[in-house]
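Here's the structure, in structure tokens; my notes come after.
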Amino acid sequence: MLVILWFGSAIVMMYVPYPALSGQERMAWLAPLDLARVKVSAWDAWQSAGQAGIPSVVKISTVAGRPAYHFMREGRWWSAWADTGAALHVTPDMAQASARAAALEAKSLTVQAIELDQWSFGSIRVHRPLYRVEADDTAGSVLYVSGRTGELVRDTTRNERAWNWAGSVIHWIYFTPLREHGQPWRQVVLWTSGAAFVLVMAGMILGIQRVRLRQRYAGGRRSPYRGWQAWHHWLGLGIGTVTLTWLFSGWLSVTPFDWLSSPGVTANDRLAFAGGPLSRQDLSVDLAQTIHAGDNFLELEWRRVGGKLFFVALDRARQTLLDAGSGAVLPPIPEQVLVQAVRATRPGTPVLTAEVIDTGDSYYYSHHGDRQFPVLRVQFQLNDETTFYADPALGQLVGHADRNSKWNRWLFNGLHQLDFAAAMRSRPMWDVLVVSLCMLGAMLSMTGLVLGIRRLRRVPSPAAIIGRARQNLQKSE
């Protein structure tokens, strides 16, 4: 039954992913940033937060009609008002104001403080506690606002939530009482997919053994089975291999025994690429004097590349790189500057190749999510084949590959999502292929379920077994 549900939920997930706030939605719903109201520097605001050290990420946006700084330090967000420097404490009214832009049709918004619910797993965990905002609009929106920054961080609709019960919740076994406990959930996924793999493997071996191509069964049949058993036999021989690869790759998705684990782009990599942490001077820039008031930006982010400060500005259409001294829009960062910044992630290590690519390669490509292009690809001369991808337009590391992640790309992404090559990823060809195979896999599992139920019905009950034993005992007497 579980394998049937996995196949069916996979089809749903192709078209309705787990809820997330998209970049386009964020650009549409963020309020414009009024830099004339910024009276306190980012450095002074950070000091008011009372945190030691330097934040790794600094942004400024509008929260509840006021400019606010947001600081990331050791995996946690801290916020302060940019007009007064006071620490920002999110209230239900602020959460309601932040959610309003995403639910303009709603007549009322109901706010509830939460730590976790069915739709707040994933990347927004760094924003906990959260405010869950229910809207009475036609879409049945439920919105999530960060309890640390006051920003809208996730949106869901009634339709999206309903489809996710049939999709990601079943497929990932994402039931809140289990999923909130990371290791137990991981073990459940690990052992259920592993057990299913072993059962399918055993069935494949038996199925192959029962096929006769030369000395056929009575009536010239190649299979000894009829009816449901024959359907199960031939479907197993036809789709069994694909079913095995899907179960195996699903098992790999939780990195069993840390096999093929890869660090990805680490905090140390980003720090080295930046040329060191942000400084007091960086955070003391006068935004009102530097950034042109008429630009209608929604958000600014401090960004360093090779020791030089830039701003990344978000507007209604795109992100752009700004000069931190003049506020002017900049062209992409020169290739040589970017190469030097990437080299800093592995100091003293020779670079094997460094080139700008305009389309995806085998390890950095667009499929379920959009990727930035062109990017600089730098591979180091290391045994683990470490490779970084850097975006020259926005000055950031956007991808990483090493030997383990490359193996995982083929054994998980390749086998589980059937995206071995760009030609296979093209839609609708990919949709037709994956949906067809999922339906065949579900049919195989369904025939197995029917046969199993029939088998169980023929098994005598304990009472019947005891009764027969008594009868046999009486006869022997």
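The numbering used here puts the first residue of the sequence shown at 3, with every later residue one more than the last. By construction, the Cβ of each residue, glycine as well, lies at the ideal position given by its N, Cα and C atoms. Treat the numbers as computed from the prediction; the structure is a model and nothing was measured.
Rounded to whole angstroms, what is the Cα-Cα separation between residue i and residue j?
i, j, result
"Leu237", "Asp386", "41 Å"
"Thr247", "Val200", "12 Å"
"Asp360", "Arg306", "24 Å"
"Pro279", "Ile207", "58 Å"
"Ala315", "Asp36", "13 Å"
"Ser11", "Ala168", "6 Å"
"Ser110", "Asp139", "8 Å"
"Gly87", "Ala164", "43 Å"
"Asp119", "Val191", "20 Å"
"Gly209", "Val256", "30 Å"
"Gly277", "Gly196", "44 Å"
"Asp271", "Gln342", "13 Å"
"Arg78", "Tyr146", "17 Å"
"Gly443", "Leu420", "15 Å"
"Gly229", "His235", "10 Å"
"Ala198", "Tyr133", "39 Å"
By Cβ distance below 7 Å, which residues in the same chain neighbour residue i in space, the five residues on each side in sequence not counted?
i, result
"Val437", "Ile13"
"Glu162", "Val18 and Pro21"
"Thr159", "Ala141, Gly142 and Ser143"
"Met445", "Leu237"
Which residues share a DSSP beta bridge with residue i?
i, result
"Leu496", "Residue 496 cannot be examined here, being either before or after the span of the chain that is shown, 3 to 479."
"Lys41", "Beta-bridge pairing links Lys41 to no other residue."
"Thr322", "Ala315"
"Tyr146", "Arg134 and Arg156"
"Pro69", "Thr64"
"His402", "Phe390"
Within a Cβ cutoff of 8 Å, which residues of the same chain sit near residue i, ignoring the five residues on either side of it in sequence?
i, result
"Gly152", "Val65, Ala66, Ala70, Ser81, Leu90, Val92, Met96, Ala97 and Ser100"
"Asp317", "Met29, Asp297, Asn298, Phe299 and Leu300"
"Tyr219", "Ser225 and Pro226"
"Gly327", "Thr292"
Do residue j and residue i count as a contact pair if the criterion is CB distance below 8 Å?
i, j, result
"Leu417", "Ser251", "yes"
"Ala115", "Ala137", "no"
"Ser125", "Leu285", "no"
"Pro265", "Leu340", "no"
"Met15", "Ser122", "no"
"Arg379", "Glu357", "yes"
"Ala392", "Val344", "yes"
Let's see if you can read the secondary structure: which residues bound the alpha helix (DSSP H) around residue i?
i, result
"Val287", "Looking at the DSSP string, Val287 is not in any alpha helix (DSSP H), and its letter there is neither H nor E."
"Pro333", "No alpha helix (DSSP H) contains Pro333, which DSSP labels as neither H nor E."
"Ser407", "Arg405 to Asn410"
"His173", "Ser170 to His173"
"Trp31", "Gly25 to Trp31"
"Phe275", "Ala269 to Ala276"
Could you spell out the range, first to last residue, of the beta strand (DSSP E) harbouring residue i?
i, result
"Leu249", "Per DSSP, Leu249 belongs to no beta strand (DSSP E); it is in the alpha helix (DSSP H), Gly229 to Leu254."
"Trp193", "Run containing Trp193: none in the beta strand (DSSP E); it sits in the alpha helix (DSSP H), Gly184 to Gln211."
"Tyr17", "From DSSP, Tyr17 is part of no beta strand (DSSP E) but of the alpha helix (DSSP H) over Leu4 to Tyr17."
Going by beta carbon distance, what residues of the same chain come within less than 6 Å of residue i, once the five residues before and after it are set aside?
i, result
"Glu303", "Lys61 and Val314"
"Ser447", "Val5 and Ile6"
Checking contacts by CB at 8 Å: is residue i closer than that to chain D?
i, result
"Glu387", "Within the model displayed, chain D is absent; a lone protein chain is all it includes."
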